[in-house]
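If you read the sequences in order, they're chains A and B. Residues 352 to 522 (this note's numbering) make up the first sequence, in order. Residues 352 to 522 (this note's numbering) make up the second sequence, in order. Note that beta-carbon positions come from the ideal geometry of N, C-alpha and C, so glycine has one too. Each remark here refers to the structure printed beneath this line.
2 protein chains.
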Amino acid sequence: MDLKSKLRHVMNFPKEGIDFIDITTVLQNPEALKYSLDCMKESMEEFGDYDIIVAPEARGFIFGVPLAYMTGKGFIPVRKPGKLPYKTISFEYELEYGTSTLEIHEDAVKPGQKILIVDDLLATSGTAESIIRLIEKMGGEVVGIQVLIELEFLKGRDKLKGYNVKSIVQF
Amino acid sequence: MDLKSKLRHVMNFPKEGIDFIDITTVLQNPEALKYSLDCMKESMEEFGDYDIIVAPEARGFIFGVPLAYMTGKGFIPVRKPGKLPYKTISFEYELEYGTSTLEIHEDAVKPGQKILIVDDLLATSGTAESIIRLIEKMGGEVVGIQVLIELEFLKGRDKLKGYNVKSIVQF
Numbered sequence: 352m353d354l355k356s357k358l359r360h361v362m363n364f365p366k367e368g369i370d371f372i373d374i375t376t377v378l379q380n381p382e383a384l385k386y387s388l389d390c391m392k393e394s395m396e397e398f399g400d401y402d403i404i405v406a407p408e409a410r411g412f413i414f415g416v417p418l419a420y421m422t423g424k425g426f427i428p429v430r431k432p433g434k435l436p437y438k439t440i441s442f443e444y445e446l447e448y449g450t451s452t453l454e455i456h457e458d459a460v461k462p463g464q465k466i467l468i469v470d471d472l473l474a475t476s477g478t479a480e481s482i483i484r485l486i487e488k489m490g491g492e493v494v495g496i497q498v499l500i501e502l503e504f505l506k507g508r509d510k511l512k513g514y515n516v517k518s519i520v521q522f
Numbered sequence: 352m353d354l355k356s357k358l359r360h361v362m363n364f365p366k367e368g369i370d371f372i373d374i375t376t377v378l379q380n381p382e383a384l385k386y387s388l389d390c391m392k393e394s395m396e397e398f399g400d401y402d403i404i405v406a407p408e409a410r411g412f413i414f415g416v417p418l419a420y421m422t423g424k425g426f427i428p429v430r431k432p433g434k435l436p437y438k439t440i441s442f443e444y445e446l447e448y449g450t451s452t453l454e455i456h457e458d459a460v461k462p463g464q465k466i467l468i469v470d471d472l473l474a475t476s477g478t479a480e481s482i483i484r485l486i487e488k489m490g491g492e493v494v495g496i497q498v499l500i501e502l503e504f505l506k507g508r509d510k511l512k513g514y515n516v517k518s519i520v521q522f
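Here it is in structure tokens:
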């Protein structure tokens, strides 16, 4: 399936000059949704053994939870501040303007656990780097990062040297 | 499986006096995650025929997308304002203090389409009611609402008269 042709481009979102890749047209299409998840599952087999899947809200959940179900693993959510009810560990990271913070439950990742990170998109890699820091702070080991879409022109992969990054569709 | 015993109670979140049901302990447990989704899938069979699943961010995505995959359907996200890139229809609803708004892509639901709403929790039913209004505004027909957890003492179900609501775990 030509997954690229199923994605919608929305110009000037969230701001002027950005060509935003809209995944909702893929989600709405049962065959495209199934194909996306099946491709990601197959791709993930090359990461070898892992214990659990971690994904950030909200679009990371869209792919992370089905893939956890499909591979018989558990799922750990990473969220914006104030969303997780139990005790959390947080990591603040730089954005183009200002900063953003991500949180994870402090008992979510066990020391030595092998973690696979899943997200919809790899852009500048700010989110992925933050999740890696959170996981490593808790003693977890990141075995790989699986995304559906990679914006290669933003070179996010270059900032994730030493980590195994895999994507299904590249722009 | 005794799913109730796998859920964590966090007292005084998000504010004093609230006994918050934390689903992350279920998500982290591969057997409990699989069991939850399998129970929801089985329960949904009683809704009869439907075309597509709709769920709100962020916790609705956790159950809505795997269930779409498992039942061979597509998925439509409902989001907070400013998150969906394409043209949207919005609905503002009352909270205890102030209001909140939910959005859906204006081309997401087709007139006459049969929609199944999925969420993690039914509490006062504010979110479910808003999603119903959005779907009906677009000419869609809500065939049912499937949640994992229902807080029966909040009587959210009473406000959804005429709609078929099903839950797996009740408090």
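Q) Can you tell me where the alpha helix (DSSP H) with methionine 395/A in it begins and where it stops? A) Here residue 395/A refers to the residue found at position 44 when the first sequence is read from its first residue. It spans 381–395 - the alpha helix (DSSP H) in which methionine 395/A sits, taken as one unbroken run.
Q | Length of the line joining the Cα atoms of leucine 453/A and glycine 491/A | A | As a first step, residue 453/A must be located in the first sequence, where it is residue number 102. As a first step, residue 491/A must be located in the first sequence, where it is residue number 140. Their Cα atoms are separated by approximately 17 Å.
Q: Determine which residues of the segment 357–373 of chain A have a Cβ less than 8 Å from any Cβ of chain D, and write them out in chain order.
A: Looking at the structure shown, chain D is missing, and the protein chains on hand are A and B.
Q | glycine 368/A versus methionine 362/A - alpha carbon distance | A | Against the first sequence, residue 368/A aligns to sequence position 17. Against the first sequence, residue 362/A aligns to sequence position 11. Using only the alpha carbons, I get a separation of about 7 Å.
Q: Give me the Cβ distance between aspartate 400/A and lysine 465/A, rounded to the nearest whole Å; I'm assuming they're in contact under 8 Å.
A: Taking the first sequence and counting its residues from 1, one reaches residue 400/A at position 49. Taking the first sequence and counting its residues from 1, one reaches residue 465/A at position 114. Yes, aspartate 400/A and lysine 465/A are in contact; Cβ-Cβ is about 6 Å, under 8 Å.
Q | 9 Å Cβ cut-off: residues of chain B touching lysine 424/A | A | Here residue 424/A refers to the residue found at position 73 of the first sequence. By Cβ distance, chain B contributes Pro381 and Leu384.
Q | CB contact below 8 Å: valine 498/A versus chain B | A | Here residue 498/A is taken as the residue at index 147 of the first sequence, counted from 1. No, because no Cβ of chain B sits closer than 8 Å to the Cβ of valine 498/A.
Q: Give the secondary structure of phenylalanine 364/B by DSSP, where H, G and I count as helix, E and B as strand, and everything else as coil.
A: In the second sequence, residue 364/B corresponds to position 13, counting from 1. Coil, per DSSP.
Q.
According to DSSP, simplified to helix, strand and coil, what is aspartate 373/B?
A. Here residue 373/B refers to the residue found at position 22 of the second sequence. In the structure shown, aspartate 373/B sits in a strand (DSSP, three-state: E or B).
Q | Contact under 8 Å by Cβ, phenylalanine 398/B with valine 494/B | A | Position 47 of the second sequence, counted from the start, is the residue given in the question as residue 398/B. Position 143 of the second sequence, counted from the start, is the residue given in the question as residue 494/B. A contact, by the Cβ cut-off of 8 Å.
Q | Exposure of glycine 433/B, with buried meaning 16 or more beta-carbon neighbours within 10 Å | A | For the purposes of this step, residue 433/B is identified with residue 82 of the second sequence, where counting begins at 1. By the 10 Å Cβ count, glycine 433/B comes out exposed.
Q: Measure from the alpha carbon of valine 377/B to the alpha carbon of each residue in Phe504/B, Glu457/B, Asp458/B and His360/B, then state which is nearest.
A: Within the second sequence, the letter at position 26 stands for residue 377/B. The option with the nearest alpha carbon to valine 377/B is His360/B.
(Q) Using 8 Å for Cβ pairs, my map puts isoleucine 500/A next to leucine 511/A. What's the rounded Cβ distance? (A) Stepping through the first sequence from its first residue, residue 500/A is reached at position 149. Stepping through the first sequence from its first residue, residue 511/A is reached at position 160. Wrong, their Cβ atoms sit about 15 Å apart, outside the cutoff.
Q. When the Cα of glutamate 443/B is compared with those of Leu467/B, Ala419/B and Leu485/B, which residue comes out closest?
A. As a first step, residue 443/B is located in the second sequence; it is residue number 92 there, counting from the start. Ranking the options by Cα distance to glutamate 443/B, first place goes to Leu485/B.
Q: Return the CA-CA distance between valine 416/A and isoleucine 413/B, expressed in angstroms with no decimal places.
A: By one-based count along the first sequence, residue 416/A stands at place 65. By one-based count along the second sequence, residue 413/B stands at place 62. If I take the Cα positions, the gap works out to 6 Å.
Q: Could you give the DSSP three-state label for glutamate 480/A: helix, strand or coil?
A: Here the question's residue 480/A lines up with position 129 in the first sequence. Of the three classes helix, strand and coil, the one that applies to glutamate 480/A here is helix, per DSSP.
Q: Report the rounded CA-to-CA distance for glutamate 408/B versus alanine 409/A, giving the unit in angstroms.
A: Within the second sequence, residue 408/B is the residue found at index 57, counting from 1. Within the first sequence, residue 409/A is the residue found at index 58, counting from 1. Taking the straight line from one Cα to the other gives about 6 Å.
Q. Taking just the CA atoms, how far does glutamate 396/B sit from glutamate 487/A?
A. What you label residue 487/A is simply residue 136 of the first sequence in a count that begins at 1. What you label residue 396/B is simply residue 45 of the second sequence in a count that begins at 1. Going by the C-alpha atoms only, they are around 42 Å apart.
Q: Could you tell me which uninterrupted beta strand (DSSP E) segments, each at least 3 residues in length, are contained entirely in the segment 443–480 of chain B, listed from first to last along the chain?
A: 450–456 and 465–473
Q.
Comparing C-alpha positions only, which one of Ala479/A, Asp389/A, Pro428/A and Gln379/A sits nearest to asparagine 515/A?
A. By 1-based counting over the first sequence, the position of residue 515/A is 164. It is Ala479/A.
(Q) Rounded to whole angstroms, what is the Cα-Cα separation between alanine 474/B and phenylalanine 522/B? (A) As a position in the second sequence, residue 474/B is number 123, starting the count at 1. As a position in the second sequence, residue 522/B is number 171, starting the count at 1. For alanine 474/B and phenylalanine 522/B, the distance between alpha carbons rounds to 10 Å.
Q.
Quick check: what's the CA-CA separation for lysine 517/A versus leucine 472/A?
A. In the first sequence, residue 517/A corresponds to position 166, counting from 1. In the first sequence, residue 472/A corresponds to position 121, counting from 1. Each residue's Cα considered, the two are about 11 Å apart.
Q: Reducing DSSP to helix, strand and coil, say where phenylalanine 522/A ends up.
A: Counting from one through the first sequence, the residue named residue 522/A turns up at place 171. Of the three classes helix, strand and coil, the one that applies to phenylalanine 522/A here is coil, per DSSP.
Q: Output, in chain order, the set of chain B residues within a Cβ distance shorter than 9 Å of alanine 474/A.
A: Residue numbering aside, residue 474/A sits at position 123 when the first sequence is read from its first letter. Under the 9 Å cutoff, chain B gives no residues; its nearest Cβ is about 14 Å from alanine 474/A.
Q. Going by beta carbon distance, what residues of the same chain come within less than 6 Å of leucine 505/A, once the five residues before and after it are set aside?
A. Numbered from its first residue, the first sequence carries residue 505/A at position 154. The residues are Ala474 and Thr475.
**Q.** Identified DSSP bridge partners for phenylalanine 426/B
**A.** The residue you call residue 426/B lines up with position 75 of the second sequence. For phenylalanine 426/B, which the question treats as bridged, DSSP gives the partners Ile404/B.
Q.
Can you confirm whether leucine 378/A, when its beta carbon is compared against all beta carbons of chain B, has any partner nearer than 8 Å?
A. What you label residue 378/A is simply residue 27 of the first sequence in a count that begins at 1. True, the Cβ-Cβ gap to chain B drops below 8 Å.
Q. Between the segment 433–450 of chain A and chain B, which residues of the former have a C-beta closer than 8 Å to a C-beta of the latter?
A. Gly433, Lys434, Leu435, Pro436 and Tyr437
Q) Of all Cβ atoms in chain B, is any one closer than 8 Å to the Cβ of phenylalanine 412/A? A) In the first sequence, the residue the question calls residue 412/A occupies position 61. By this cut-off, phenylalanine 412/A is an interface position.
Q | Closer than 8 Å to chain B by CB, leucine 388/A | A | The residue given as residue 388/A occupies position 37 in the first sequence. Yes, leucine 388/A counts as interfacial toward chain B.
Q | Test: threonine 375/A CB closer than 8 Å to a CB of chain B | A | Here residue 375/A is taken as the residue at index 24 of the first sequence, counted from 1. Yes, contact with chain B.
Q) From leucine 502/B to aspartate 370/B, what distance separates their C-alpha atoms? A) Residue mapping note: residue 502/B aligns to position 151 of the second sequence, counting from 1. Residue mapping note: residue 370/B aligns to position 19 of the second sequence, counting from 1. For leucine 502/B and aspartate 370/B, the distance between alpha carbons rounds to 11 Å.
Q) Quick one: what does DSSP say leucine 341/B is sitting in, helix, strand or coil? A) Chain B is shown only over 352 to 522; residue 341/B falls outside these bounds and no answer can be derived.
Q. Does the Cβ-Cβ distance between tyrosine 420/B and leucine 384/A come in under 8 Å?
A. For the purposes of this step, residue 420/B is identified with residue 69 of the second sequence, where counting begins at 1. For the purposes of this step, residue 384/A is identified with residue 33 of the first sequence, where counting begins at 1. In contact: tyrosine 420/B and leucine 384/A (Cβ atoms closer than 8 Å).
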